[in-house]
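Worksheet for the structure shown next.
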Amino acid sequence: MAKAKQHRAMLIGAIGAGKSTLTNALLGRDVPAIKTQSLLYYDWIVDTPGEYTENPLFYKNIMATALEVTHVLFVQDATKSKTIFPPGFASGIPKLSIGVVTKIDAPNADRVRAAKQIRKAMPDGPIVYVSAYEKQGLDEIRSLVACNSRLQMREYCLNLESTNISDM
Ligand SMILES: Nc1nc2c(ncn2[C@@H]2O[C@H](COP(=O)(O)OP(=O)(O)OP(=O)(O)O)[C@@H](O)[C@H]2O)c(=O)[nH]1
Ligand SMILES: [Mg+2]
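In my numbering, the protein residues as written are 40 to 207.
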């Protein structure tokens with residue numbers, strides 16, 4: 040894999056947003072996701088329970104775990120009209136931020152709406168559109184997590200011809 044070994048990504052987002060299914064797809068693990076009950080470390084990914092993002096009492100866990108990673112993935116379900124991220128949430132986490140819109144394969148997916156929701160929580164940073172089911176956007180996430188800086192992520196996006204990513 041192209042990624043530097045020390046790079047690690049934490050996935051945060053609502054209950055059922057698709058974090059664990061995406062984790063499995065990114066790692067090529069062919070197993071169904073089950074409800075996440077605690078922090079789970081798999082290779083270069085830290086998967087979190089949706090409760091950590093939904094309940095402010097758990098924000099301290101997110102902050103503490105963020106110290107162990109290089110990148111934080113803000114996962115938003117494309118089929119949901121609501122977001123649970125507080126405005127500007129990413130600004131309080133001093134790591135490289137990546138927005139991730141999940142379930143773009145779903146008939147009721149609205150990727151524009153989901154991207155707008157992410158932008159409120161994460162004013163700056165690339166947004167990747169993914170389907171864990173159809174394996175879309177996975178290489179883009181792996182490549183972004185291999186980047187060392189915001190600038191590198193921006194250059195990667197600019198040089199890429201992919202409809203699964205936007206960085207403005
Ligand atoms: N259509 C579609 N459904 C998906 C996709 N990824 C996940 N899902 C569905 O979304 C539901 C929740 O997926 P999980 O991966 O368990 O969600 P999670 O974010 O890990 O949830 P918690 O562990 O509770 O925080 C499951 O029923 C999945 O089948 C996808 O790419 N496309
Ligand atoms: Mg999970």
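For glycine and all other residues, C-beta sits at the position ideal for the given N, C-alpha and C.
Assigned with DSSP and collapsed to three states, VAL70 falls in coil, not helix or strand. Distances between the C-beta of SER77 and the heavy atoms of ligand 1 are all 6 Å or more. Judged by DSSP in its simplified three-state form, VAL140 adopts strand. Sequence-distant Cβ neighbours of ARG193 in its own chain, meaning closer than 7 Å and more than five residues away, are ASP206. Fewer than three beta-carbon pairs drawn from the region 140-148 and the region 87-106 are found closer than 8 Å, and the two stretches are therefore not classed as touching. Counting along the chain, the unbroken alpha helix (DSSP H) around ILE180 starts and ends at 177-184.
The nearest non-hydrogen atom of ligand 1 is 6 Å or more from the C-beta of THR104. Relative to ILE132, the option among VAL167, HIS46 and ILE51 whose CA is nearest is ILE51. Shown here for THR62: same chain residues with a beta carbon closer than 7 Å to its own, the five before and five after excluded, namely LEU50, TYR81, ILE84 and ASP86 in chain order. Taking one beta carbon from each stretch, the region 194-205 and the region 98-118 have fewer than 3 pairs nearer than 8 Å; the two do not touch. Ranked by Cα distance from VAL111, the options LYS174, CYS196, ILE166 and TYR172 are led by ILE166. About 5 Å separates the beta carbons of THR141 and ASP116, which is inside the 8 Å limit, making them a contact pair. With a 10 Å radius around the Cβ and a threshold of 16 neighbouring Cβ atoms, LYS119 comes out buried. In the DSSP assignment, TYR168 falls outside any alpha helix (DSSP H) and lies within the beta strand (DSSP E) extending over 166-168. By the neighbour-count definition (other C-beta atoms within 10 Å, threshold 16), LEU183 is a buried residue. Relative to ligand 2, LYS58 has its C-beta within less than 6 Å of a heavy atom.
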